[in-house]
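K.L.:
The following block contains the structure, expressed as structure tokens.
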Amino acid sequence: MVGKVFKKARRDFMFRYGRRLRQMEHWLVARAAMTIISLMRLLPADSALNFADRAARRIGPRVGRHRVAVNNLRLAYPDKSDAEIEAIASDMWGNMARLATEYIFLDALFDYDPNATTPGRVEVGGADHFKHIATEQKPHILFTGHLGNFELLPVAAATFGMKITALFRPPNNPYLADYIHSTRRSSMGALLPSSTGASFALASILENGGNIGVLVDQKFSSGLETTFFGRPCQSNPVLGMLARHYDCDVYPARCVRLPGNRFRLEIEDKLTLPRNESGSVDVPATTQLLADVVERWVREDPGQWMWFHKRWGISGRRRRRRGQSKDAAGQRQRQS
Numbered sequence: 019m020v021g022k023v024f025k026k027a028r029r030d031f032m033f034r035y036g037r038r039l040r041q042m043e044h045w046l047v048a049r050a051a052m053t054i055i056s057l058m059r060l061l062p063a064d065s066a067l068n069f070a071d072r073a074a075r076r077i078g079p080r081v082g083r084h085r086v087a088v089n090n091l092r093l094a095y096p097d098k099s100d101a102e103i104e105a106i107a108s109d110m111w112g113n114m115a116r117l118a119t120e121y122i123f124l125d126a127l128f129d130y131d132p133n134a135t136t137p138g139r140v141e142v143g144g145a146d147h148f149k150h151i152a153t154e155q156k157p158h159i160l161f162t163g164h165l166g167n168f169e170l171l172p173v174a175a176a177t178f179g180m181k182i183t184a185l186f187r188p189p190n191n192p193y194l195a196d197y198i199h200s201t202r203r204s205s206m207g208a209l210l211p212s213s214t215g216a217s218f219a220l221a222s223i224l225e226n227g228g229n230i231g232v233l234v235d236q237k238f239s240s241g242l243e244t245t246f247f248g249r250p251c252q253s254n255p256v257l258g259m260l261a262r263h264y265d266c267d268v269y270p271a272r273c274v275r276l277p278g279n280r281f282r283l284e285i286e287d288k289l290t291l292p293r294n295e296s297g298s299v300d301v302p303a304t305t306q307l308l309a310d311v312v313e314r315w316v317r318e319d320p321g322q323w324m325w326f327h328k329r330w331g332i333s334g335r336r337r338r339r340r341g342q343s344k345d346a347a348g349q350r351q352r353q354s
């Protein structure tokens with residue numbers, strides 16, 4: 019009895035000690051990051067971005083995630099040479115560094131003016147779609163991937179008067195999360211952390227005629243099995259489910275990084291979603307369609323995507339493949 023009490027007390031102590039240790043680690047990392055941010059603010063935006071790019075291209079290949087990125091690139095582009103693969107990975111690290119640094123200068127970087135006669139740092143393709151969505155009295159879904167500076171898309175939407183709630187994944191570090199959230203909130207409008215219950219919150223927004231923005235290129239354990247660059251992966255089906263339930267239009271949107279620290283924001287024509295025999299949106303086929311759109315974007319600008327994501331592989335409870343009916347699944351179970 020005494021031994022059990024002692025073991026429980028020891029576990030409780032180690033849990034509290036570990037939690038405080040993690041909290042201290044998060045605080046130290048955040049302090050270091052904020053110091054770097056303060057120093058970066060002393061530089062002109064272009065100088066800071068170019069410096070971050072050069073530094074990341076040197077440091078990136080030395081971190082463990084570089085091996086993940088290179089392996090993913092080799093599988094995605096089996097015909098490319100090692101030099102070509104390393105060049106794409108280097109561009110990826112430069113893009114990541116610029117993305118992180120652009121948080122500091124986000125308000126200064128976005129200079130798009132729909133009425134300007136000369137181009138600025140940001141150009142917009144498909145501006146009529148932004149205007150149409152902003153004035154149409156019905157819910158819409160916009161989706162994108164981790165390409166270029168995808169954070170600029172909600173800023174552009176706000177410029178056209180579009181009210182949109184963007185789903186985002188906050189950093190694990192709570193101190194950095196607070197800073198990034200405050201930076202995003204100042205220029206992007208409503209934000210919704212991706213957590214348990216987020217899908218219900220998104221549904222509520224659409225129910226009330228609102229618009230939502232979603233990233234669709236991350237692995238979703240126990241999600242629908244799809245393919246990306248010809249390899250099996252798992253994708254979140256929530257966008258297809260919401261589109262089916264609310265019968266709302268779905269628009270692809272992306273950011274393309276241009277030379278000279280410039281950007282092109284593009285919103286494409288609304289998708290024609292695949293439907294089943296009953297006329298409802300086919301969720302598995304729609305989920306695959308979204309993956310295909312992002313793959314097209316990544317193939318056009320491979321150095322602007324986050325290749326160190328562990329996007330591929332199947333884990334957790336496997337859902338049925340596209341087109342696999344419940345009857346077929348049950349028949350296989352009976353035969354086994």
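Take the sequence shown: its letters are residues 19 to 354, numbered as in our numbering.
Virtual Cβ for every residue (Gly too), placed ideally from N, Cα, C.
In this text the structure is predicted, and so the values were computed from the model without any measurement.
1) Using only the alpha-carbon positions, how far apart do Gln155 and Ala70 sit?
2) Threshold first: 3 residues or longer. Then list the beta strand (DSSP E) segments lying entirely within the segment 225–306, N to C.
3) Take Arg92 as the anchor and find which of Leu127, Arg139, Gly248 and Leu165 has the nearest alpha-carbon.
4) Here's the rule I'm using: 16 or more other beta-carbon atoms within 10 Å means buried, otherwise exposed. How should Trp45 be labelled?
5) Which value, in whole angstroms, describes the spacing of the CA atoms of His84 and Thr183?
6) Trp111 to Arg75, Cα distance in whole Å?
7) Going straight from the alpha carbon of Cys266 to that of Gly228, what length do you get?
8) Ends of the beta strand (DSSP E) at Ile159?
9) Go to Glu169, then tell me how far its alpha helix (DSSP H) extends in each direction, as first and last residue.
10) DSSP three-state call for Ile54: helix, strand or coil?
11) Assess contact between the segment 282–302 and the segment 49–68, defined as three or more Cβ pairs (one per stretch) separated by less than 8 angstroms. Is contact present?
12) What is the DSSP secondary structure of Val392, counted as helix, strand or coil?
13) Can the beta-carbon of Arg272 be found less than 9 angstroms from the beta-carbon of Thr162?
14) Pop quiz: Val88 and Lys328 are said to be a contact at Cβ under 8 angstroms. What is the actual Cβ separation, rounded to whole angstroms?
15) Measuring straight from C-alpha to C-alpha, what distance separates Tyr269 and Asp125?
16) Give the straight-line distance between the Cα atoms of Glu169 and Pro137, rounded to the nearest whole angstrom.
17) Reducing DSSP to helix, strand and coil, say where Ile332 ends up.
18) So, under 8 angstroms CB-CB, Ala145 and Gly179 are touching, yes? Tell me the CB distance rounded to an integer number of Å.
P.N.:
This is what the structure holds:
1) Put simply, the backbone Cα of Gln155 is about 43 angstroms away from that of Ala70.
2) Counting only runs of 3 or more, we get 229–233, 242–246, 249–253, 267–276 and 280–285.
3) Checking every option, the nearest Cα to that of Arg92 belongs to Gly248.
4) Label assigned to Trp45: exposed.
5) Spanning the two alpha carbons is a distance of roughly 33 angstroms.
6) Spanning the two alpha carbons is a distance of roughly 6 angstroms.
7) In a straight line, the C-alpha of Cys266 is about 10 angstroms away from that of Gly228.
8) His158 to Thr162 is the span of the beta strand (DSSP E), which, as asked, contains Ile159.
9) Segment: none, Glu169 is in no alpha helix (DSSP H) and carries neither H nor E.
10) The answer is helix: DSSP assigns Ile54 an H, G or I state.
11) Output reads no: the segment 49–68 does not touch the segment 282–302.
12) Given a span of 19 to 354 for the chain in the structure shown, any question on residue 392 remains unanswerable.
13) Between Arg272 and Thr162, the C-beta spacing is below 9 angstroms.
14) Contact between Val88 and Lys328 fails: their C-beta atoms lie close to 13 angstroms from each other, not under 8 angstroms.
15) Going from the Cα of Tyr269 to the Cα of Asp125 covers about 25 angstroms.
16) Going from the Cα of Glu169 to the Cα of Pro137 covers about 20 angstroms.
17) Secondary structure at Ile332: coil, using DSSP grouped into helix, strand and coil.
18) Not quite, the Cβ-Cβ distance comes to about 12 angstroms (not below 8 angstroms), so this is no contact.
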